[in-house]
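Below you'll find the structure, written out as C-alpha cells, and then a few comments.
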Amino acid sequence: MVDHQEQHRIGGTQRDFNTRYAGGLSSSTFPANWSQGDLAGNPAGPDCTTGSHLVPSSGGQCKMTTSSFVDYIPKSERTTGLVKGTFKINENHELGIELLSTQSKVQSAIAPVPYGNLYINRLRPDGTANPYYPKAAGLDPTYTDDDLVAAGAQPGAVVARWRDLPNGSRADENINKQQRLVVSMTGTLAGWDYTGALSYNENKVKENLYGYSDGGMITQGVLNGVINTFGEQDAAGTDLLQRAALNGNIQNAKGTSKGADIKLSREVCDWLNTGHQAAWRSAR
Numbered sequence: 430m431v432d433h434q435e436q437h438r439i440g441g442t443q444r445d446f447n448t449r450y451a452g453g454l455s456s457s458t459f460p461a462n463w464s465q466g467d468l469a470g471n472p473a474g475p476d477c478t479t480g481s482h483l484v485p486s487s488g489g490q491c492k493m494t495t496s497s498f499v500d501y502i503p504k505s506e507r508t509t510g511l512v513k514g515t516f517k518i519n520e521n522h523e524l525g526i527e528l529l530s531t532q533s534k535v536q537s538a539i540a541p542v543p544y545g546n547l548y549i550n551r552l553r554p555d556g557t558a559n560p561y562y563p564k565a566a567g568l569d570p571t572y573t574d575d576d577l578v579a580a581g582a583q584p585g586a587v588v589a590r591w592r593d594l595p596n597g598s599r600a601d602e603n604i605n606k607q608q609r610l611v612v613s614m615t616g617t618l619a620g621w622d623y624t625g626a627l628s629y630n631e632n633k634v635k636e637n638l639y640g641y642s643d644g645g646m647i648t649q650g651v652l653n654g655v656i657n658t659f660g661e662q663d664a665a666g667t668d669l670l671q672r673a674a675l676n677g678n679i680q681n682a683k684g685t686s687k688g689a690d691i692k693l694s695r696e697v698c699d700w701l702n703t704g705h706q707a708a709w710r711s712a713r
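Here the sequence shown stands for residues 430 to 713, where the numbers follow the working numbering.
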C-alpha cells in the first residue's frame with residue numbers, strides 16, 4: 430500500500446485580503462533606502478511604484494510590505510508505504526512481517542534577509558568611483574559622523590537599508606522520516622501456543638535553511654562597491670552574493686527504539702472439575 434498527500438503553498442500575494450492594506454512594513458527595501466544626515470531617498474521614490482512590494486514613505490523613501498513574502502499555508506507533502514505479509518512455514522508455525530515507511534516534508538517562507546546600517550563609500554578601495562553610490566544632488570563628499578567613522582567608512586559615505594532579494598526568501602524545510610519493522614511468529618511448540626514479535630523503529634529529522642547570508646561579507650561588499658543595493662548585480666556582485674549565501678542543512682536528529690514480546694499459553698489441568706482444562710499463560 431502506498432499513499433501520497435500534497436498541500437500546495439498559499440503565498441502572501443495569492444489572497445486579495447493581503448492587498449487591502451500594507452502589512453508588515455519595513456524600511457529595509459529593494460532598491461535600498463539611503464540617507465546621509467538629513468538627506469535621504471530611494472531610486473524608486475517618491476511614488477515607489479517600481480521595485481518589489483513597495484509603498485511610499487516620508488522623505489522620498491519607500492517601505493516594503495513583507496507580508497507579501499509570507500506563506501499563509503506552507504507547502505507540505507507526505508508519502509507512506511506499507512508492506513505486510515504472513516507466511517505459513519508449516520502446519521504449526523506462521524511468520525509475519527510488517528514494514529512501514531513514511532516521510533513528511535514541510536516548507537515555509539518569509540521575507541528575504543533585511544540589512545540596516547550598510548555603508549556605501551564614494552570610492553572603491555582602488556580609488557576609482559563607486560558606480561553604486563547614489564547620484565542624488567546635495568550629497569556631501571566630506572560628510573562624516575561617529576557611526577560612519579566606527580564602521581570604517583570614508584567621508585561622504587551614505588547609509589543604506591537593503592533587502593537581500595538576490596538570495597531569495599528565507600525558507601525553512603523540515604523533513605521527517607520514520608521506519609518501522611515488525612517480525613512476528615505464531616504457532617504451537619511442544620504443546621504450547623505462542624506468539625512472539627521483534628520490532629525496530631527509527632525516526633530521522635532533518636532541518637534545512639535557505640535564503641540566509643553572511644552579514645560580514647555582505648557589509649564589506651556593499652561598502653567597497655561590489656554589491657549593488659539599488660539594482661541589478663554585475664558578475665562580481667553576483668559571485669560575492671552566491672559565496673555569502675548560507676544555504677543547507679542546519680541540524681539533524683535520529684531516534685531508535687527496539688522491542689521484543691512473547692506470549693505462551695497451554696491447558697494444564699481441570700482444577701474445578703468442569704471438564705475443561707485450565708489455561709496457563711506467560712507473557713514478557
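From the three backbone atoms N, C-alpha and C, an ideal C-beta is built for every residue, glycine too.
Keep in mind that this is a model prediction, so the values were computed, not measured.
Could you check the C-alpha separation between residue i and residue j for me, to the nearest Å?
i, j, result
"Ala-665", "Val-655", "6 Å"
"Leu-610", "Asn-637", "28 Å"
"Thr-531", "Gly-684", "15 Å"
"Ala-626", "Gly-677", "40 Å"
"Gly-556", "Val-587", "17 Å"
"Gly-688", "Glu-520", "27 Å"
"Leu-528", "Gly-510", "8 Å"
"Gly-616", "Glu-523", "6 Å"
"Ile-691", "Tyr-639", "48 Å"
"Ile-679", "Pro-541", "18 Å"
"Thr-478", "Val-431", "49 Å"
"Leu-568", "Ala-580", "19 Å"
"Glu-696", "Trp-621", "8 Å"
"His-482", "Gly-452", "11 Å"
"Ile-539", "Val-612", "45 Å"
"Arg-599", "Gln-649", "21 Å"
"Ile-647", "Ile-439", "31 Å"
"Gly-480", "Val-512", "53 Å"
"Trp-591", "Asn-657", "10 Å"
"Gly-545", "Thr-571", "22 Å"
"Gln-662", "Asn-550", "17 Å"
"Arg-672", "Ser-628", "46 Å"
"Phe-659", "Asp-668", "17 Å"
"Phe-516", "Ser-686", "25 Å"
Whose C-beta lies closer than 7 Å to the C-beta of residue i among residues of the same chain, with five residues either side of it excluded?
i, result
"His-433", "Thr-508"
"Ser-455", "Lys-492, Met-493, Thr-495, Pro-543"
"Pro-475", "Pro-485, Gly-489"
"Thr-573", "Pro-584"
"Leu-552", "Ala-558, Asn-559, Gln-583"
Please go through the same chain and pick out, in chain order, the residues whose beta-carbon is closer than 6 Å to the beta-carbon of residue i, but skip the five residues on each side of it.
i, result
"Ser-486", "Lys-492"
"Glu-435", "Glu-506"
"Ala-674", "Asn-596, Ser-642"
"Gly-514", "Ile-526"
"Pro-554", "Asn-653"
"Gln-374", "Coverage of the chain is limited to positions 430 through 713, which leaves residue 374 absent and any answer about it impossible."
"Leu-468", "Gly-567"
Mind checking residue i: buried by the 16 CB within 10 Å criterion, or exposed?
i, result
"Gln-490", "buried"
"Ala-708", "Bear in mind that the predicted position of Ala-708 carries a pLDDT of just 48, short of 50, making it unreliable; the figure below should be weighed with that in mind. It is exposed - the Cβ of Ala-708 has fewer than 16 other Cβ atoms within 10 Å."
"Leu-618", "exposed"
"Thr-458", "buried"
"Asn-681", "exposed"
"Trp-463", "buried"
"Tyr-548", "buried"
"Pro-460", "buried"
"Gln-465", "buried"
"Ile-518", "exposed"
"Phe-498", "buried"
"Arg-444", "exposed"
"Asn-471", "buried"
"Gly-645", "exposed"
"Asp-576", "exposed"
"Asp-593", "buried"
Can you name, in chain order, every residue of its own chain whose Cβ lies under 8 Å from the Cβ of residue i, other than the five neighbours on each side?
i, result
"Met-614", "His-522, Glu-523, Leu-524, Gly-525, Tyr-623, Thr-624, Gly-625, Ala-626"
Inter-stretch contact at 8 Å, needing at least 3 Cβ pairs: the region 600-610 / the region 622-635: yes
The region 500-507 / the region 525-537 touching (three or more Cβ pairs under 8 Å): yes
contact_flag[the region 552-569, the region 582-596] where n(CB pairs < 8 Å) is 3 or more: These segments touch.
Segments assigned alpha helix (DSSP H), at least 4 residues, entirely inside the region 520-607: Within the region 520-607, the complete alpha helix (DSSP H) segments of 4 residues or longer fall at 575-579, listed in chain order.
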